[in-house]
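See below for the structure under consideration.
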Amino acid sequence: MNDASIFFLEKKKPKKRVNVSKIVSFFILLIVCGLFVFPFVYMLGTSLKTEEDIILHPLGIFPAKGGWTLSNYTGFIIRDGKLDNVPKWMFNSFVTCIVSIAVTLIICTLVAYAFAFLNFRGRKMLFTTLIMTMTIPSVIGTTAQYSMYANIGTLTKLIANPVYIYFWIIMPGTAGVFTVYLLKNALDAIPPEIVESARSDGASNLRIYFRIVMPLIKSTLLLIGLFCFTGSWNSLLWPQLLLSGTGEQGYLTITVALIGYTNQVDGWSAKAVAMATSAFSMIPILIIFIFTQRRMIEGMATTGVKR
Amino acid sequence: MEKYELTPEQQQMLERADRYFVSLQNVEKVYPKGGKVVCDFNLDVEKHEFIVIVGPSGCGKSTTLRMIGGLEEISAGNLFLDGEYSNFKPSKDRKMAMVFQSYALYPQMTVFENIAFPLKINVFPVVKKDEACIVARQMTECLKKPDVTSAIVRESANTKLTGAKPVEYVMARLNVVRACAKELLKFDWNDPVAAAKKIAELEAFVAAREEESRAQGLELRENGELFRDGAPVIVREKLSRDEIAERVFRAARILDLGPYLDRLPRELSGGQMQRVALGRAIVKNVSLFLMDEPLSNLDAKLRLTMRSEIVKLHNSIGATTIYVTHDQTEAMTMASRVVVMSKGFIQQIDTPANIYNHSANLFVARFIGSPSINLFEGEYDGDSIRVGDGYRMQMSEAFQAAYRAFYARKIEEFERCLEGFDDIERRQKSIEYIHKIESALADSAPPIVVRKKKENLFTRLGKRFGKKQQTTGVLREREVAAEKLGKLKEALEGKFTLTLGIRPENIGVMRAEGAPAEGKLVAETSAAELLGAEYDLHFELFGRNFIVKAPAQGNYAVGDKLLVTLCEENVIVFDPVTGDRIN
Amino acid sequence: MEKKSVFETSKREKRKEQTKNRAVVALFMAPFFLNFTLFFLVPVFMGLILSFFQYNPYDSAKTAFVGFDNFVKLFTNPLIRSTFWHGMKTTLLFDVVAVPLMLLIPLGLAYLVYLEPPGYKIFRAVIYLPTVVSISIVGIIFGAMFDGASTGLINAWLGTEIKWMDGTLRWVVIMLASIWWQTGTNFVILLAALKNVPKHLYEACEIDGGGRWHAFLYVTLPNIRGSLELCTFNTLIGYLSLYGQPTVLNSYLNQGEIASPMMFIQQWLNDFSKANLTGLVTASAIVFAIVVIFFTAIEKIVTKDRKGGKDVYERRFNLFS
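Chains as they are written, first to last, in this note's numbering: chain G, 1 to 307; chain A, 308 to 890; chain W, 891 to 1211.
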């Protein structure tokens, strides 16, 4: 009888290794996520405080007893009987996003369809060249683009016109090569027989594109829409460039407008109002996030997948 | 060591463990959410056997293999490897190698590095050697033949011709270690007396070393190995680069992987990748090989060649192999013994011939054999079996006695089982007994997968707070047991329908000329498949579809009338209630 | 009626169809390429040209060709040095610390979530949530938390009165804010990559005798390589083009400081008084673009795929047999 048999008789079980790592990771993640959630909680709590409360009780996350107030929120919606700026700004951002998504989806899907299903000379080469342009930093074109905007604006006297401004804000971002790349990949996954049989049935390309192909890549389209929305909502550089020249405050997008709340002088800032405005402006994005978060995460993940 | 009191059971277990190389005793696997996947698995494997575990998808064969390999935890039962209790031994200590269905090659390493990997990261027990002494002895040998040696040294300089580095060339040609080769290259061959001088120097050195070792109580042998009191001194250390290379080359030679040593896995075909996986397994010099459906990803033709290669490899290495597959052809052609599994239960363990000719139950009979066995029904009245429209098979005395004994036994088992449902302690056993019966009657087709509805927060909330489902007071298994017991009792009471099986080769067919003779079976061909040297003829008989093999010369066609002769000694009689064979 | 040969008719039909096809192709591609040309190609091309000119977009009459003058000014002018080059240096220094952190932290978190502890789905969403927030909100929150007065959150907690937003200290805040804001992106990509590593490789490694460290080195890392490279590439470019964080996390005193090349470009373009320096700004953009291309080229070279086939062992094997 060898040692192992004794082992067997005593039925000793070795320590379970796997579960330990799960528990350890749980606690680490708990702490990390607590830290991650904290700024949001802080924002919410501060937005419900009064200004004195902030200065008197800096450590309290939530307002002191009786100090809860919604005045910070109501303050920026209606002022002096008129609709105040914050809703205007959010409306601007909203419109920008919607138009941006629409334009992007239309022009990018059309091109992607052409690259995937239409046969023409130089198709592959054109596509590869297009992909290569992704390596060129667009910053080179920023000054020229701005100049074009300013030049045409002054010449046509449209420079203060909000439609003109927004046209220039939205249009440059819509011809995204990466979007086309994603779409083409998604389209390549569709068996070409579907398109071929539709063609032999006599359907025109436009019809195939709209009724057959696009419904098949709904999830990719949704993903692109999501990222386009958040990208457009949060974009800072280009809108700020174009909007800071204008006199009217009401034309800003919410992201650009909120810059005004940053970099405040120590201690004297209107923290509560700033927090309230931020919290309020986050609502659309938050709603979208809650309902699509899983798809966003999984979609983000698959775009980064193997080369 | 205290004396342990062993129960006779435990005594038996340990004896089994010691006698066999691999011993699985009442091994079970239960998943927390999935139920029992492997139930009461008992298998004893002797050295050098080629065991094939075969069964349809989901029968638990891969799980069993992984339990042997240490990749799954054993829920109950004991696993003994080479006499040692191994339930909780980590995989790397189990002295075995595993080949996966997906090959599991490291994609960033070349073939050489893949095969070398287990050698690189482990320590191995080797005999302690006096390296300097070995070098000295080898050099002396080479110096004693200066012409040959110097010629080789000169050749080695011409790397273009040899295609290798000088050191490695010298190593290979003169069969010396790297350090010796280096010395030989540095040596001045033009000096006539240098050789003799060096020889003297080296011999003195060796002598001194021998003295030293003797002083330490060690014996320094011819090949440089150190022995103490007649037994070799073993140390655990990492293998040197050259030793690793040698082992890898040996494996590569056996598997014919020489030209691929520098390729990456993505540049290889399926068969080549499989051979690399085998190479990685054999290079470890272990005695137990586990293979999990290694040929499933290969195309049909490649599968045939690799099948024989694996068996040849098994024989030449003298390993013990446990092989899992769903392909019954592989099981029949490769195994020394076959284990047929269904729904987690072992159906039969036996040699391929016995599995085929003496299938233990309906499942084994249906699963094994291509084309499959022909099954039909007949009514037994205690004396003969009446099939179809009047064909009678007279059953022997032996059969009649076996029949009565069989059913008596079964009735007793079922009665005990039924009682067990009332007793909390025995209830689980009864439930499992019924599951075992059901596994023997199971279809060998894979289970229909019901697509699970997408689960998210809302569905989970719905489940929690939704309507509670009615739970029946009576166990399903209990009802099944009662039903089957009733049927079994009928068997001894009068006429009883039995399931009969006959293998295609045990049926004779001839073209029917003219009117059918009395008492002969006639059938009409419904399909005639020519396989080259023979036909697979399909026809309907006794209300069932039959398949028969017929020689190609017959020139059969659809609609031909056939005269069918059944070889009655080779008819297997099964009990339809439990699926077990009666005769 | 002329009898047209079969070949002629079909040739004509073919040509008709060809033109129809070409029209369809053009229809599909036109919107995108119109936009792309107008808003990308033309500006880039113009930008390259503009850098050699003295140009004022509001007063195009004053355009003048100045050759390499703008570039010379870029490298010699002291004002430029204290703004553009100062920003370049600051950003590069920051990147040396930031880029590795923004790869290691998401990798670590991804690994922890990959172990699937209870509630991992919630953890996953929480880590990703900050990435959908806009930078101005990040600035507001972190600006308030790290307020320099004693009533700021962090200061009150620590009992100090550190001026977080001043001078070099604000880069600590920027680092923390960046981690909070952007870990999610890389985290999600790396998590998916970890999940995609075939389980069998881990099992084979375990059977071969590898421990946890071996498994990480030989199985995990090589198999998440593609995603890791993608993340490195994106992070590198993103942090070279740093703009949002230094803009929103700034103190009153520091307001003039230009902390990154993008800030330089943005602010000088915005400034009406500097409109006639547009050529100069464009030149700076080109120089900046070259720096970006330089770094990305290095990154691509360093992470090149290795190909098998060096015939190292094959030759030795032939000797052996």
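Note that beta-carbon positions come from the ideal geometry of N, C-alpha and C, so glycine has one too.
Beta-carbon proximity of residue i to residue j, cut-off 8 Å
{"i": "W:Arg1205", "j": "A:Ala471", "result": "yes"}
{"i": "W:Pro996", "j": "W:Phe1077", "result": "yes"}
{"i": "A:Val645", "j": "A:Val361", "result": "yes"}
{"i": "G:Asp188", "j": "G:Ala116", "result": "yes"}
{"i": "W:Ser1117", "j": "W:Ile1079", "result": "yes"}
{"i": "W:Leu940", "j": "W:Gly1146", "result": "no"}
{"i": "G:Cys97", "j": "G:Phe229", "result": "yes"}
{"i": "A:Ala749", "j": "A:Phe670", "result": "yes"}
Residue environment, residue i, which counts as buried when at least 16 other CB atoms sit within 10 Å
{"i": "A:Leu426", "result": "buried"}
{"i": "A:Val329", "result": "buried"}
{"i": "W:Leu924", "result": "exposed"}
{"i": "G:Arg199", "result": "exposed"}
{"i": "G:Phe178", "result": "exposed"}
{"i": "W:Pro947", "result": "buried"}
{"i": "W:Leu1019", "result": "buried"}
{"i": "A:Leu837", "result": "exposed"}
{"i": "G:Gly81", "result": "In this prediction, G:Gly81 scores a pLDDT of 47, lower than 50, which makes its location untrustworthy; the coordinate-derived value is nonetheless stated afterwards. G:Gly81 should be labelled exposed."}
{"i": "W:Lys910", "result": "exposed"}
{"i": "G:Arg211", "result": "exposed"}
{"i": "A:Asp389", "result": "buried"}
{"i": "A:Ala404", "result": "buried"}
{"i": "W:Asp1098", "result": "buried"}
{"i": "A:Gly376", "result": "buried"}
{"i": "G:Pro191", "result": "exposed"}
{"i": "W:Phe1162", "result": "exposed"}
{"i": "A:Phe387", "result": "buried"}
Sequence-distant residues of the same chain with beta carbon closer than 7 Å to residue i, five excluded per side
{"i": "A:Met580", "result": "Tyr410, Leu412 and Pro572"}
{"i": "A:Tyr392", "result": "Asn385"}
{"i": "G:Val99", "result": "Ile170"}
{"i": "A:Gln332", "result": "Met320, Arg323, Asn349, Gly384 and Asn385"}
{"i": "G:Thr292", "result": "Leu226"}
Cβ-based neighbour list, residue i, same chain, cut-off 6 Å, excluding 5 preceding and 5 following
{"i": "A:Leu372", "result": "Leu597, Asp599 and Val631"}
{"i": "W:Glu1119", "result": "Thr1193"}
{"i": "A:Leu595", "result": "Met403 and Thr627"}
Close Cβ partners of residue i (< 8 Å) along its chain, the five nearest in sequence each way excluded
{"i": "A:Gln707", "result": "Gly689 and Asp690"}
{"i": "A:Ala864", "result": "Thr832 and Ala835"}
{"i": "A:Pro432", "result": "Ile541, Val542 and Arg543"}
{"i": "G:Thr174", "result": "Ser100, Val103, Thr104, Ile107 and Cys108"}
Closer than 7 Å: residue i CB and nearest the ligand ADP heavy atom
{"i": "A:Val880", "result": "Summarising the ligand content, the structure contains no ligands, and the ligand ADP is consequently not present."}
Closest residue to residue i among the options (Cα-Cα distance)
{"i": "G:Ile101", "options": "G:Ile31, G:Ser281, G:Pro172 and G:Gln145", "result": "G:Pro172"}
{"i": "W:Glu1093", "options": "W:Lys1085, W:Val1109, W:Ala1083 and W:Leu1084", "result": "W:Val1109"}
{"i": "A:Ala834", "options": "A:Ser666, A:Val433, A:Pro566 and A:Leu869", "result": "A:Leu869"}
{"i": "A:Leu782", "options": "A:Asn497, A:Ser737 and A:Tyr663", "result": "A:Ser737"}
{"i": "G:Ile23", "options": "W:Asn960, W:Lys1011, W:Gln1135 and W:Leu1005", "result": "W:Leu1005"}
{"i": "G:Leu237", "options": "W:Cys1121, W:Thr1137, W:Leu1130 and W:Leu1126", "result": "W:Thr1137"}
{"i": "G:Trp233", "options": "G:Thr128, G:Pro284, G:Leu221 and G:Arg295", "result": "G:Pro284"}
{"i": "W:Thr1075", "options": "G:Thr143, G:Gly231 and G:Tyr42", "result": "G:Gly231"}
Any chance you could list the alpha helix (DSSP H) runs of at least 4 consecutive residues sitting entirely within the region 189-253 of chain G, in chain order? 192-200, 218-234 and 237-243
According to a CB-to-CB cut-off of less than 9 Å, which residues of the region 1054-1066 of chain W neighbour chain B? Protein chains G, A and W are contained in the structure displayed, whereas chain B is not.
For the region 622-708 of chain A, which segments carrying the beta strand (DSSP E) assignment without a break, of at least 3 residues, lie completely within its bounds, in sequence order? 627-632, 644-649, 652-657, 681-687, 691-694 and 698-701
Inside the region 968-1050 of chain W only - beta strand (DSSP E) runs reaching at least 3 residues: As far as the region 968-1050 of chain W is concerned, it has no whole beta strand (DSSP E) run of at least 3 residues.
Please specify which runs of the alpha helix (DSSP H), each continuous and at least 4 residues long, are wholly inside the region 527-566 of chain A, giving them in chain order. 548-562
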